[in-house]
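A short write-up of the structure that comes next.
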Amino acid sequence: MLNKEQIAQRIAKEVKDGYYVNLGIGIPTLVANYVPENLNVEFQSENGVLGMGPFPFEGEEDADIINAGKQTITTLPGASFFDSAFSFGMIRSQKVDLTILGAMEVSEKGDIANWKIPGKMVKGMGGAMDLVASAENIIVAMMHTNKEGESKVLRECTLPLTGVQCVRKIVSNLAVMEVTPNGLKLLERAPGVSVEKIVELTEAPLLIEGTIPEMQFES
Amino acid sequence: MLNKEQIAQRIAKEVKDGYYVNLGIGIPTLVANYVPENLNVEFQSENGVLGMGPFPFEGEEDADIINAGKQTITTLPGASFFDSAFSFGMIRSQKVDLTILGAMEVSEKGDIANWKIPGKMVKGMGGAMDLVASAENIIVAMMHTNKEGESKVLRECTLPLTGVQCVRKIVSNLAVMEVTPNGLKLLERAPGVSVEKIVELTEAPLLIEGTIPEMQFES
Amino acid sequence: MIDKRVADSQAAIAGIESGMTLMLGGFGLCGIPENCIKALSQSQVTDLTCISNNAGVDDFGLGLLLKGRQIKKMISSYVGENAEFERQMLSGELEVELTPQGTLAEKCRAAQAGIPAFYTPAGYGTEVAQGKEQREFNGKMHILEHAFQADFAIVKAWKGDYAGNLIFRGSARNFNHPMAGAAKITIAEVEHLVPVGELDPNAIHIPGIMVQRIFQGEVYEKRIEQRTTRKK
Amino acid sequence: MIDKRVADSQAAIAGIESGMTLMLGGFGLCGIPENCIKALSQSQVTDLTCISNNAGVDDFGLGLLLKGRQIKKMISSYVGENAEFERQMLSGELEVELTPQGTLAEKCRAAQAGIPAFYTPAGYGTEVAQGKEQREFNGKMHILEHAFQADFAIVKAWKGDYAGNLIFRGSARNFNHPMAGAAKITIAEVEHLVPVGELDPNAIHIPGIMVQRIFQGEVYEKRIEQRTTRKK
């Protein structure tokens, strides 16, 4: 089973040279730490930043320079600032090559639910609905099961949806899965996790073709 | 009868302190010359300039700084440049207080035709359709009659329309007229021009209440 | 030059009345019009509808107006970070209309640009689409969204001049840009108010025509919500 | 940094094929991508649909492509100033779709912003509205307009950096701004191409993400269409 850092590390392998990438809050934010330095990648933050760099050194925080998680950040050479309307304009017009976000539930058709649990305090969808409705390439980073051990990868989402038929891949602590026209395809399994275990913990049926390789981590 | 300069001079009296004004090509452009210096007025050009100043001195023309008539211009302190989408955004959202433009025909309901003569080479509507569809305060500067001596102030326009029920006032070489819910109201007559003459040269019926004053020119 | 200066935050908020709809710029606590919010919190205005991406924290930003029970309804994309907000929302005292962030921004921009309505894919297939017209364009489903209608827009910029021209700094631009000029009256508070001629006309983000009142904010706390750093 | 540099105008226009739809920035001759236009005029590409506010003059700007009979259709708000244009239009060789200038700009901006369609009051009650959906909003009639769909957008900026970030100068911004990122591929030609880090991130008009190719134009004539001056 992967921990959160390892999920981020595995997702980082999906980032290609020349990609503009939007990272959601939580595990997705960690992905930036694992993108190889030889790749030219720029991170977009939907509050109006392109070319995000690492956190500032202590004492160098700037209240005017934050990311969508409201964290103080820095920018790299070539960065730019823009307004929220323009920012979501570039998201809707599919200029962002890869969007990585968390989810409470994902369905085999690629539906995603990640913003609302009926009966609980609802904080809002933020920019997630715009991102999932627009992006061509969406990877979900999530724990495969909830605290009760129940699958979060489902035939149908039970929670209110954030977007329909939009998720391309799921990277969980157990597996890498791809949403295909025929259903959810198991691509890789976490080190030490058997295909049987994954099938057992996945409510949605999985397409399993040939031998499913174990995820590889360089470092 | 007024000449073109005098039409501009009369229209300049409609410009109030604090107005943002868009001037069309032709007579409207001349209006800027007659706005009293003690009024704070800014001229908008729909190609993306606010705060237009006079023409540049010879040798100081800048190919990047032109007005919507494609003439080289200067800008005044407080000026700004913006793009065409933003420019028409401010026009549609009625930030421009007064729009002055020319016309081939105006109807008593305030319809305007100023862009197309069937059978002749059509150059296009430019920004006129956006301006007349959006502005609350539109003044037309025009000759009262065409070269054949026929009225250009009509019951119904005969040429393809630029906009419907949008003109507020007409200042011609003969008269100042206002579009009211009851029809076209004669407000002023040009020096030396009788009410009878105006009525004769106006195809649309005119509302005439009391004595119609002669236009006053200070200078 | 058309002079847009008013004396201070008190003068700036003149005319804001109970029951009105306000747009307020900012993302989290970044770029919020903190002086106008403080002035409103000291006023008797109540029953406000506030269009703002977020709702501040308990003791800063819109949290101040929530504490004073001055807000009837919030139109936002993400709320919380605020115990009093949660209490009022769960008790039904406060109405909340959650809107996707990009749609929220575009509904402001539409008002700013005189576009009454537009189609967006955001929210299709979710409860956000309920009751809205849905239509296919280029093989993809979209929903119809309308421009906001607000009485006042209150924005915060880094620099401004007497004519109302604005320049933002960093990610504090956010919703301040599409809200400027998107309401009947736009109030701009700035950190630095300068005479006309000092701002580069090419670098102005919002032309003064979009702004009716401008003043230099009395005090800027510019609180940081998530102070994240790395060691040297 | 994602490097968007290409060698020159020849390299920049690679992939532009006969029958494609192009957006070209500029207002009159101000801010037109003159180097790309020249390169196109030297290519064998024909049957182009050009979205451009104007159509150049006989021997400059899009007039060069008209002269070579490379344009099948113009989508513009104002044409003329061009005898060859007039001849081709009147003879039926050239198709012309006239569009109100603000609608033209907003159809570009809609494409840039992923908005498939929007309502505008411009053209209501005129022949521009024929065949279009009409709808009342807030007591006023509007017509439905759609985002443009173009293969290439060709824009011209004053400065740009290797990452494709653009800064415009004066009124040469015009349609270059809403066209950047509004087509499948955006080509930017600039007067000054600089390394990343030299442009102020606050002053960038178009972020590099909207631009796929950038180069410093070989020669800029920057012709003036109406040279108007006053005496000293």
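Residue numbers (numbering that gives the first Met the number 0), protein chains in the order written: chain A, 0 to 218; chain B, 0 to 218; chain C, 0 to 231; chain D, 0 to 231. Beta carbons are placed, not taken as given, at the ideal position from N, Cα and C, and that holds for glycine.
Counting the other Cβ atoms within 10 Å of the Cβ of A/T179 gives fewer than 16, which makes it exposed. Straight-line spacing of the CA atoms in C/N81 and C/F59 works out to 10 Å.
Per the coordinates, the alpha-carbon of D/E85 lies some 32 Å from the alpha-carbon of B/M51. Contact between C/A156 and C/G207 is absent: CB atoms are separated by about 11 Å, not below the 8 Å threshold. For D/V195, the C-beta contacts it makes with chain A under 7 Å involve P76 and G77, in order along the chain. Within chain D, the C-beta atoms nearer than 9 Å to that of C/G169 come from P200 and N201, in chain order. DSSP places A/M141 within a strand segment (E or B) once states are collapsed to three.
Cβ-Cβ separation between C/G169 and A/F80: approximately 6 Å, consistent with a contact (criterion under 8 Å).
The alpha-carbon of C/V127 is positioned some 12 Å away from that of A/A132. Non-local beta-carbon contacts of A/A203 in its own chain, meaning distances under 6 Å to residues more than five positions away in sequence, involve E107, V152, L153, R154 and L183 in chain order.
Distance from the CA atom of D/K106 to the CA atom of D/V44, rounded to whole angstroms, is 25 Å.
In this chain, C/R168 is not harboured by any beta strand (DSSP E), its DSSP state being neither H nor E.
DSSP, reduced to helix, strand and coil, places B/M128 within a helical segment of the structure shown. Looking at B/M124, B/E41 and B/Q8, the one whose alpha-carbon comes closest to that of B/I116 is B/M124. Following the DSSP letters along the chain, one finds A/G182 inside the beta strand (DSSP E) bounded by residues G182 to R188.
Going by DSSP, B/E199 is part of no beta strand (DSSP E) but of the alpha helix (DSSP H) stretching over V194 to E199. Beyond the five residues adjoining it in sequence on each side, B/G148 comes within less than 8 Å, by CB distance, of L200 in the same chain, given in chain order.
Proximity to D/T20 across D/Q133, D/N164 and D/Q148 peaks at D/Q148, based on C-alpha coordinates. For the segment 34-63 of chain A, the beta-carbon criterion of a distance under 9 Å to any beta-carbon of chain D is satisfied by N39, V40, E41, Q43, V48, L49 and G50.
Chain D has a Cβ within less than 9 Å of the Cβ of A/S92.
For A/V30, the enclosing alpha helix (DSSP H) stretches over residues I26 to V30. CA-to-CA, the gap between B/M89 and B/E135 works out to about 13 Å. Counting only runs that start and end inside the segment 146-171 of chain A, the beta strand (DSSP E) elements of at least 3 residues fall at 168-171.
Between C/V195 and B/P76 a beta carbon distance of about 4 Å is seen, short of the 8 Å cut, so the two are scored as contacting. Judged by their CB atoms, A/S171 and A/M128 are not nearer to each other than the 9 Å cut-off.
Contact annotation: in the segment 126-138 of chain B, residues whose CB is within less than 7 Å of a CB in chain C are S133. Under the three-state reduction of DSSP output, B/M103 falls in the coil class, being neither helix nor strand. Annotation: C/S42 is outside any alpha helix (DSSP H) and is labelled neither H nor E by DSSP. The beta-bridge partner set that DSSP reports for D/R134 consists of D/H141. The CB of A/G88 comes closer than 7 Å to the CB of Q111, A112 and G113 in chain D, given here in chain order.
Looking at the DSSP output, A/D110 shares a beta bridge with no other residue. Counting along the chain, no alpha helix (DSSP H) covers C/G159; the unbroken beta strand (DSSP E) around it starts and ends at A149 to D160. With fewer than 16 other Cβ atoms inside 10 Å of its own Cβ, A/E213 counts as exposed.
Within chain A, no C-beta atom comes nearer than 7 Å to that of D/P99; the closest sits roughly 22 Å away.
In this structure, A/V166 and A/I211 do not form a Cβ contact; the two beta carbons are roughly 20 Å apart against a cut-off of 8 Å. For B/F87, same chain residues with a beta-carbon under 6 Å away, outside a window of 5 residues either side, are D129 in chain order.
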